[in-house]
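Novice: The structure follows.
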């Protein structure tokens with residue numbers, strides 16, 4: 002029996018030859034890509050929600066400042082009319098101090 006010599010491929014031959022993945026490997030690659038896409042999409046949604054929440058927060062902060070200014074203005078107005086004291090909101094009475 003004669004020994005057959007097998008030609009060893011050159012690295013350049015290996016790199017240029019198309020290779021088929023097994024069904025299992027292909028499924029694993031596809032599943033990984035799908036998972037990466039899902040996580041990327043979810044992170045994008047979180048970023049958009051964060052931006053919207055920040056805008057809502059800024060709007061509410063501005064509303065709070067406006068309400069505080071109205072409160073100060075009303076307190077000054079009532080104080081100049083009735084003097085210093087406290088208000089019972091339930092009975093609508095003013096109690097001078």
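Numbering (the numbering used here), first residue to last: 2 to 98. Where is the CB? At the ideal position from N, CA and C, for every residue including glycine.
1) Leaving out five residues on either side along the sequence, give the residues of the same chain with a beta carbon under 8 Å from the beta carbon of residue 97.
2) May I have the straight-line CA-CA distance separating residue 90 from residue 65, to the nearest angstrom?
3) Between the alpha carbons of residue 73 and residue 49, how many angstroms are there, rounded?
4) Report the partner residues of residue 87 according to the DSSP bridge assignment.
5) Compute the Euclidean distance between the alpha carbons of residue 40 and residue 31, then round it to the nearest angstrom.
6) Can you tell me which of the three DSSP states residue 6 falls into?
Specialist: Taking the geometry as given:
1) 83, 84, 85 and 86
2) 21 Å
3) 36 Å
4) 96
5) 14 Å
6) coil
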